[in-house]
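A quick write-up on the structure given underneath.
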Amino acid sequence: MVADFASLRTQFPGRSRSTYMNVAARGLMTTGSRAAIDRMLDARLYGEADKAAMFDIIESSRRRYAALINADPDEIAITKNVSEGLNAIIASYDWQRGDNAVICPDLEHPNNVFPWRNLAKRTGMDVKTVAPHDGQISVEAIAEAIDGNTRMVTASSVTFAPGFRTDIAAIARLCRERDILFLVDGVQSVGILHTDVNELGIDAMAVSTQKGLLGLYGMGFLYCRREWAERLTPVYLARFGVDMGDAHEAALGDGDDRLAPGARRFDLGNYNFVAAAAVDDSIGMMLDTGTREIEEYVTGLTRDLATGLLDVGLPVVGGEPGPATGSIVSVGSIGEGQHDTVDDPAMAGLHDYLSANGVNLSIRRGILRFSLHLYNDASDVARVIELARGHNA
Ligand SMILES: Cc1ncc(COP(=O)(O)O)c(C=O)c1O
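Put into structure tokens, the structure is as follows:
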């Protein structure tokens, strides 16, 4: 089946309000997700909520997400966001003084930095930091930092700024050979870039649903390879993390408290059913479309955007698009500004001009960040390039 991106676009009314290039903050929602949310809310509004049907939606979203990343449903836990997923893995390992983990903090979102600092304080483990190389997480630097005491390595699959792809498969190989858990923050790539956790060799991966998965805030998925999940002991435990077969959710069991299989042990209590309804629908659309097709389509647009902005004379981070180009194009000089401001007056002017002309983008770490998904098309790319050309003239 050839994916029909033009007809998919019609499911995103948000396109009529702006040239939307901000999935790295949050994606546009589909009319299908909105309808699924409405059905869920109507059931509550009229006092007709059906718990069994609500659980069916949780399990459907788990199954669909598992299919999206080529995992088993038992390898997926339902979480609240990225940080909860990362913390669940980090905290459930039995750290000993002298153990270490390797991270490139300059390129990680703060929510993948604070948990490690906290862990070091609490357990006496070491956080070994590596420097970025050309704005990217360097496989060589990670290889050099790994030693006999390394227990985990963490990296974003795509960094939130400047937005390059990380060579996840290469880092995974380093880890697998040494029985090191490789923990990935996948939120900037999953749903947009084809992600096969088995092919890539990822051990655990946390995402939230409001970005590439086109869902709501307040829900995430945590993938954990079964073999690793069953070596971990969750710090938080609640009913759905305990294996009690078909027993009612209010059952107390016999005190045995056998942990649920695989990553299900990280599920806690009741879920964000509304967010699950939304993402169940949007992931269904992605599965129908095909993740390889989505990646090819979106990265084609991103490359055209990067090339066009370079032609206009703008400082695209990394220059000509290459293998590390994914769904994000950044413009400016990294570090010239704060998290969401830009010091360079030329870049600040461009940002304001684009925003005033209905382009929805963001600033991170002092650079302008354009991020694309399957609802974008060549006309969006051409429009942004023409606006930039006009402003630069
Ligand atoms: C790479 C990355 N990690 C984590 C987060 C946020 O973490 P959380 O879902 O815990 O709020 C973001 C952005 O919101 C991000 O871009």
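In terms of the working numbering, the sequence shown opens at residue 147 and continues consecutively.
Note that beta-carbon positions come from the ideal geometry of N, C-alpha and C, so glycine has one too.
Using 6 Å as the cut-off, classify the Cβ of Asn264 as near or not near the heavy atoms of ligand 1, replying yes or no.
no
Nearest neighbour of Ile288, chosen from Val299, Gly281 and Gly436 [CA to CA]:
Val299
Asp403: which of Tyr382, Phe310, Gly465 and Asn257 sits nearest, CA to CA?
Tyr382
Would Asn506 and Ser164 be called neighbours here (beta carbons separated by less than 7 Å)?
yes
Quick one: residues in its chain with C-beta nearer than 6 Å to the C-beta of Pro261, no 5 flanking neighbours on either side, listed in chain order?
Leu232, Asn233 and Ile236
Where are the beta strand (DSSP E) runs, 3 residues long or more, that stay fully inside the region 208-271, in chain order?
222-225 and 246-249
Would you say the beta carbon of Val276 comes nearer than 6 Å to a heavy atom of ligand 2?
This structure lacks ligand 2; the ligands present are ligand 1.
Please list the terminal residues of the continuous alpha helix (DSSP H) segment that includes Met431.
Phe419 to Thr435
beta-carbon Ser501 near ligand 1 non-hydrogen atom, thresh 6 Å:
no
Given the structure, does Glu228 come close to ligand 1, in the sense that its CB is under 6 Å from one of the ligand's heavy atoms?
Reading the sequence as shown, one finds Val at residue 228 and not Glu. For ligand 1, at least one heavy atom lies less than 6 Å from the Cβ of Val228.
For Met298, write down the residues that DSSP places opposite it in a beta bridge.
Ala247 and Leu327
Using the three-state DSSP reduction, which class does Asn416 fall into: helix, strand or coil?
coil
Test item: CB-CB of Ser229 and Asn257 under 7 Å:
yes
Report the residue from Ala198, Asn538 and Leu214 whose alpha carbon sits nearest the alpha carbon of Met431.
Leu214
Pull up the distance between the alpha-carbon of Lys357 and that of Thr487, whole angstroms please.
21 Å
If you follow the alpha helix (DSSP H) that Val343 is in, where does it begin and where does it stop?
Val343 to Leu346
Distance, Cα to Cα, Ala350 vs Ala247?
14 Å
Extent of the continuous alpha helix (DSSP H) run through Met351
That residue, Met351, is in no alpha helix (DSSP H); its beta strand (DSSP E) goes Ala350 to Ser354.
Any idea if Gln242 is buried or exposed, counting beta-carbon neighbours within 10 angstroms, 16 or more meaning buried?
exposed
Give a single yes or no on whether His519 has its beta carbon closer than 6 Å to a heavy atom of ligand 1.
no
When the Cα atoms are used, what is the spatial distance from Met390 to Asp413?
13 Å
Less than 7 Å between the beta carbons of Leu339 and Leu447, yes or no?
no
Between the region 415-430 and the region 365-383, do three or more beta carbon pairs fall short of 8 Å?
yes
With a threshold of 16 other CB atoms inside 10 Å of the CB of Val148, please say whether the residue is buried or exposed.
exposed
Sequence-distant residues of the same chain with beta carbon closer than 6 Å to Gly508, five excluded per side:
The sequence given here places Ser at residue 508; Gly does not occur at that position. Closer than 6 Å at Cβ, skipping near neighbours: Asn168, Ala171 and Arg515.
Using C-beta distances below 6 Å, list every residue in its chain close to Val333, excluding the 5 sequence neighbours before and after it, in chain order.
Val228, Val353, Ser354 and Lys357
Would the C-beta of His497 count as close to ligand 1, meaning under 6 Å from any of its heavy atoms?
no
Looking at C-alpha atoms only, which residue of Arg161, Glu254, Ile314 and Ile249 is the closest neighbour of Tyr292?
A quick correction: the sequence has Ile, not Tyr, at residue 292. Taking only the C-alpha atoms, the option nearest Ile292 is Ile249.
Could you check where the alpha helix (DSSP H) with Gly536 kicks off and where it finishes?
Ala524 to Asn538
Does any heavy atom of ligand 1 sit closer than 6 Å to the C-beta of Val333?
yes
Put His279 into one of helix, strand or coil per three-state DSSP.
strand
Spatial distance of Pro278 from Ser479 (CA atoms)
15 Å
If I follow the unbroken beta strand (DSSP E) through Ile474, where does it start and stop?
Ile474 to Val477
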